[in-house]
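The structure under discussion appears below in the form of C-alpha cells.
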Amino acid sequence: LSFSMFLYVNLLDSRSVMGDLGWIAYPKNGWEEIGEVDENYAPIHTYQVCKVMDQNQNNWLVTSWISNEGASRIFIELKFTLRDCNSLPGGLGTCKETFNVYYFQSNEKDGRNIRENQYVKIDTIAADESFTELDLGDRVMKLNTEVRDVGPLTKKGFYLAFQDVGACIALVSVRVYYKKCTSVVRNLALFPDTITGADSSQLLEVSGKCVNYSVTDESPKMHCSAEGEWLVPIGKCMCQEGYEEKNNTCQPCRPGFFKSSPQSLTCNKCPPHSFAQEEGSTSCVCEEHYYRRETDPYIMACTRPPSAPRNAISNINETSVFLEWMFPADTGGRKDVLYNIVCKKCNNLSGLCEECGIHVRYFPQQSGLKNTSVMVIDLEAHTNYTFEIEAENGVSEMKMGSRRFVSVNVTTNQAAPSPISIVKKGKITKNSISLSWHEPDRPNGIILEYEIKYFEKDQETSYTIIKSKETDITAEGLKPASSYIFQIRARTAAGYGAFSRRFEFETSPVSFAATGDQSQIPIIAVSVTVGVILLAGVVGFLLSGRDRCHLMVDYFYGFNCIHPMLMRCGYSKAKQDPEEEKMHFHNGHIKLPGIKTYIDPHTYEDPSQAVHEFAKEIDASCITIERVIGAGEFGEVCSGRTKLPTKREFNVAIKTLKVGYTDKQRRDFLGEASIMGQFDHPNIIHLEGVVTKSKPVMIVTEYMENGSLDTFLKKNDGQFTVIQLVGMLRGIASGMKYLSDMGYVHRDLAARNILINSNLVCKVSDFGLSRVLEDDPEAAYTTRGGKIPIRWTAPEAIAFRKFTSASDVWSYGIVMWEVMSYGERPYWEMTNQDVIKAVEEGYRLPSPMDCPAALYQLMLDCWQKDRNSRPKFEEIVSMLDKLIRNPSSLKTLVNASNRVSNLLVEHSPSGNGAYRSVNEWLEGIKMARYTDTFVENGFSSMDAVTQMTLDDLRRFGVTLAGHQKKIMNSIQEIRAQLLNGMVPL
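Below, the structure is given as C-alpha cells:
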C-alpha cells in the first residue's frame, strides 16, 4: 500500500530566475550566457559553448551556492542541445559529444575559487539526440533531458559545475530539487512533511500524531520511501467515546446517537427504550420502567422483567409432582429468563399455606432453572400443595415488586413410606435378638405393618421374613455367636417402602457351667431322640392327609404362589407375638407360607368364597346409578355415586351382571372382583366393593373420568407434551411392577385395558382374563388354551403359552407404542398371521412419529426375542424416572430416514407402503375428513401432496395443531421414502 503524496522541492530552476544567475565561467571566453525565449516566449537563461575548432578544451561553468535545505539526497535535471560532430565542416577529430557534471559541498558561500581537483564528478552526460546543420536551417532544436541524483550530502549546501572538453553544446535549463513525503492525515493520524532518505532503497519510519478527540493504543506509523511515497501504515487512531470519524476528523455524535467505545467506528442510534439528548453522548439513558444491567452492552435495548410463565400443568405420581410450563408471553426483551419454584403446603381446614420444608427435593434444582420443567419429590401424601413458578431475568432485581409467577395447586396421592433410618438393638441372647425402630420420617399415610428381613451373614440366599404391626420384634431360633443382617421396611395402603440399610447384630456365645458338663450329655441325647420320634410321627400324619389338605407350593414360571387351601388346612403360625407373621426363604423358595401374593380365585372349591374374602360387600341402597357409559360382556357399565356409612359420597363406576346369567357367568363375573380386591396400588384400578346379596349383581370400582387410554389418546391427538406421555407410561409401569411383585401375570396388557382419570393418572384394569380372551375381537388366533390378543402378545406366549412377567413386558412395549402414536392400531391392517410371521422373522414396529430415541430404544428392549433379555418392570420404572428428571434426554428424536429404514410395513392399505390416492393416504393416517378440502385446493395427487407446506395447510383450514403435525410428519415420511428409493409414488 502506498500513498503517492510526494512533492518535488526546487532548490534551483534556471528558467525561473528573472535576473542574473550569478554563474561564473572559466575561462571567461568558454561558456557564454545568451538570453533567449522559451516556447511560451518567456525569457530564459542559456549557456552555450562550441570551441570545437580548438584543441584541448577545458571550459567550466560553476553555479552559485545552493542550499540543500536539509535534504541528504538531491536530484539534478538538465535540459540541453548538442550538435552532431559529423555535421561540422571537415569532421573535426577533436569534437566531443559529451560534457561532465561535478559538485562541491560547502557549509557557506565561501567563494568559488575552488580548484578543479576539489570537485566530485557526478557523471558524464551524453545526448540521446543531437542536431545537425540542417536542423539549424529549419530552426529545429532537439532538446535532451537527463536527471542525475547526488547523495548523501553532509553539508548545508553545494556548488554544481559543468565541464566542456570540446563539444558544441547549449545548456537550456538546470533544475535542482529534492523529494519529500508531504503532510497527510491517515487513520486519523497526522504525518508531517518528511524529506526522503539518502539511500534510494531506504524507508524512513515516521510517527503520526492523533488528531483532536482521537486516541490510540498503538502509536500510528508510516514509512516514507526514497521516491516520496508513504508506505506500510502501522496502527491507527480512533475517535474517542462520543465521537465518530468524518472526513479524517472526529465529530461528536448527534442527539439520539451514542458511541460507547473507541473501537466502534460510527455513532449508533440509541437502542429501543432509551434516549440521548446531548451531543457527544457515550451512552443512552433507559426510559421509565426499563433497565440495563452493568454487564449489558450499551448497544443492547433497555429491558424489563418478564411476565409470568404460562399454561403451567402438573403430573402427580404418588408423592412426586412433575411441573411443566410455557415461557412467558413477554420475556422483557431478554433471553436470560430463569425460573424459580416456591413450594407451599396448605392446610385443608384453615386454608393457610406455609413454605415447604428442606426435605422436599427438586430435580434438577429449585431456582435458576433454564428448562421449563422440574420434578418435585419427597412431598407428603394426601396433602394440598401450591407451587408458584416464578420467571425472572437479568433486570428483575432492579425493580422492586416485579415478581411474576403462575400458581399450580395439586393434591398428592397415597405413597409408600420412606425407608426406616434408625434401628436399635435390645436384648440379645445366644438364640435371639430383639430390635426396635422409629417410624419412617415420611410415613405417607397410616403404617399397616412392618416387614423384617434377616439372614445369617454371608448366607443371603437363605433368609427369614417377619411381619409385625409394632415397632419392635424378637428374632428367635438363631445360632449362637453368629452375625445376622437385618433390614426393615414399612407398608401403607400404597404398598411397601424401600428396605432400610443393612444393620448387623451378633448373638451371644454358648456358655456351659464348668462342672457337670458330662452329666448333661445323656439328657441332651435322650431329648433329641424323643424329638426325632415325635417329628416323624407328625410328618407321617401330615402325609397321610396330604390329599385332604392339598398342602403344596405352586411354582408357576418362576413365581412362588401359596395355594389357598394351605391357609385352611391346619397351618398355624410359629410361636411368636400374635401381631407377627414369620416366613422363611431359601434360594428363592418359600419355606413357610404367609407372604402376601396373588391367589388365583379359581383354585377355591367355591369361587364365591374368594369374592367374600377379597371384596367388601356393599349394600345396594348405598349405590345410585346415574347413566350408562358402556356395555360389557356380562351387562352394562354405568357411572354413579356411592355413599358409604363412614365416607363422603363419591363417584364410582359400576359393572352390572345382566338378567338370566348362568352360574358360570356369575363366577366369571365375580372372579374379576376377586382378583382386583387383592391389589392396592395407585396405578391399579381400585375395587370399592361388590353387590352379591341383591340383584343386579354389581362390581363397584373407582370412577376414571377419561375412560380407556386408547380412546382418550385418539380424541386428543397431538395435544400432550412428551413429558406428559412419559408420565402416563411411568404410571402404567409402576402398576405393572406392583402386579409382578405380587406374582400376577396380566396376559392382556393393552391401551384399551388402561383407564385414565382427570389428572392423567393411568391405572391398569381389566383382570377378567378368561372372559377377555374368549370373545375379544383382537384374539383372532386360537390355541388349545383359548384365544390370544396377537398384536400385544410375546412370541413365546403365542407359540407355547408361556405367560410370565416377561411376556407382560413385551405387551408393555406395545402399549408404549400405542401411547406415543396416540392410540394408533399396532401393525395397522396386517392380518394376525402376518404379524406372527413378521415378528418371528425379527421385524419390529417402527418408531412413532416424533418419538424420542430413548423411548423407542426402550420399546425395542421390551421386544427382545429372548424373554430373559427384556428389562424388568422395576428397571423400566427407574429408566422412565431418569428421563422425567432429565427432560433434555427426550429431545433427541428418531430420525425420519432412520425411522423408515427398519419399517415392519408401511401402514397403507395397499400393504407395500405406496398410497394409490390422496383419499387412501388420508384414511391411512386417520385424516380422511380433509379429503374434499385437499382436492378443492388442488392437492388431488400424491405427487402434489409431497410439495405441500405447513402454510398450505393453514391456508385451507387445517387449524388444529395435532392434525397439522400428523399430516406434515406423514408427508416428511413419504419424502424420506422417496429419497431412499423405498416406495414408488
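In case it helps, full-length UniProt numbering puts the sequence shown at residues 1 to 985.
Cβ coordinates follow ideal geometry from the N, Cα and C atoms, glycine included.
Can you give the Cα-Cα distance for residue i and residue j, rounded to whole angstroms?
{"i": "LEU435", "j": "GLU476", "result": "11 Å"}
{"i": "VAL819", "j": "ASP741", "result": "24 Å"}
{"i": "CYS168", "j": "LYS51", "result": "7 Å"}
{"i": "SER888", "j": "CYS862", "result": "23 Å"}
{"i": "ILE428", "j": "ILE313", "result": "54 Å"}
{"i": "VAL17", "j": "LYS142", "result": "23 Å"}
{"i": "SER130", "j": "THR81", "result": "7 Å"}
{"i": "HIS382", "j": "ALA493", "result": "12 Å"}
{"i": "ILE433", "j": "LYS479", "result": "10 Å"}
{"i": "LEU729", "j": "PRO419", "result": "25 Å"}
{"i": "GLU460", "j": "PHE486", "result": "11 Å"}
{"i": "TYR450", "j": "THR603", "result": "29 Å"}
{"i": "ALA750", "j": "ASP710", "result": "9 Å"}
{"i": "ILE836", "j": "ILE790", "result": "7 Å"}
{"i": "LEU21", "j": "THR63", "result": "8 Å"}
{"i": "TYR822", "j": "VAL958", "result": "19 Å"}
{"i": "MET53", "j": "ALA127", "result": "20 Å"}
{"i": "ASN560", "j": "ASN868", "result": "Per-residue confidence for ASN560 stands at a pLDDT of 32, beneath the threshold of 50, marking its modelled position as unreliable; the derived number appears in the next sentence. Between ASN560 and ASN868, the C-alpha separation is close to 18 Å."}
{"i": "LYS467", "j": "TYR454", "result": "12 Å"}
{"i": "VAL690", "j": "ILE623", "result": "11 Å"}
{"i": "SER407", "j": "HIS612", "result": "46 Å"}
What first and last residue would you give for the beta strand (DSSP E) that runs through residue i?
{"i": "VAL835", "result": "No beta strand (DSSP E) contains VAL835, which is instead part of the alpha helix (DSSP H) from 832-840."}
{"i": "PRO233", "result": "230-234"}
{"i": "TYR450", "result": "449-456"}
{"i": "TYR243", "result": "243-246"}
{"i": "ILE814", "result": "Careful: ILE814 lies outside any beta strand (DSSP E), inside the alpha helix (DSSP H) at 805-820."}
{"i": "ALA493", "result": "Premise fails: ALA493 is in no beta strand (DSSP E) and is neither H nor E."}
Per DSSP, residue i is paired with what?
{"i": "GLU205", "result": "HIS223"}
{"i": "ALA88", "result": "In the sequence as displayed, the identity of residue 88 is Leu instead of Ala. Paired residues: none, contrary to the question."}
{"i": "ARG83", "result": "PHE131"}
{"i": "CYS343", "result": "PHE387"}
{"i": "MET238", "result": "VAL215"}
{"i": "SER500", "result": "Answer by DSSP bridge pairing: none, since SER500 is not bridged."}
{"i": "LEU755", "result": "SER708 and LYS763"}
{"i": "ASP164", "result": "ASN59"}
{"i": "THR154", "result": "For THR154, which the question treats as bridged, DSSP gives no partner whatsoever."}
{"i": "TRP437", "result": "VAL423"}
How should residue i be labelled, buried or exposed, when 16 other C-beta atoms within 10 angstroms of its C-beta is the threshold for buried?
{"i": "HIS359", "result": "exposed"}
{"i": "ARG501", "result": "exposed"}
{"i": "ARG627", "result": "exposed"}
{"i": "LEU352", "result": "exposed"}
{"i": "LEU687", "result": "buried"}
{"i": "GLN57", "result": "buried"}
{"i": "ALA42", "result": "exposed"}
{"i": "PRO848", "result": "buried"}
{"i": "MET326", "result": "exposed"}
{"i": "ILE422", "result": "exposed"}
{"i": "LEU953", "result": "buried"}
Name the two residues that bound the continuous alpha helix (DSSP H) containing residue i.
{"i": "LYS882", "result": "873-885"}
{"i": "PRO795", "result": "795-800"}
{"i": "LYS715", "result": "709-715"}
{"i": "ILE358", "result": "No alpha helix (DSSP H) contains ILE358, which DSSP labels as neither H nor E."}
{"i": "VAL945", "result": "942-945"}
{"i": "ALA276", "result": "First-last for ALA276: undefined, no H or E at that position."}
{"i": "VAL918", "result": "918-924"}
{"i": "ALA733", "result": "722-742"}
{"i": "PHE669", "result": "663-676"}
{"i": "GLU936", "result": "931-936"}
Taking residue i and residue j to be in contact with their CB atoms under 8 Å, please state how far apart those CB atoms are, rounded to whole angstroms.
{"i": "ARG641", "j": "VAL652", "result": "7 Å"}
{"i": "GLY19", "j": "ASP164", "result": "Not quite, the Cβ-Cβ distance comes to about 25 Å (not below 8 Å), so this is no contact."}
{"i": "GLY197", "j": "SER67", "result": "Not really, about 19 Å apart at Cβ, beyond 8 Å."}
{"i": "PRO443", "j": "ALA498", "result": "At roughly 13 Å, the Cβ-Cβ gap does not stay under 8 Å, so PRO443 and ALA498 are not in contact."}
{"i": "VAL9", "j": "GLU77", "result": "Not quite, the Cβ-Cβ distance comes to about 13 Å (not below 8 Å), so this is no contact."}
Indicate whether at least one CB of chain C lies closer than 8 Å to the CB of residue i.
{"i": "VAL877", "result": "Judged by its chain identifiers, the structure shown contains no chain C, having just a single protein chain."}
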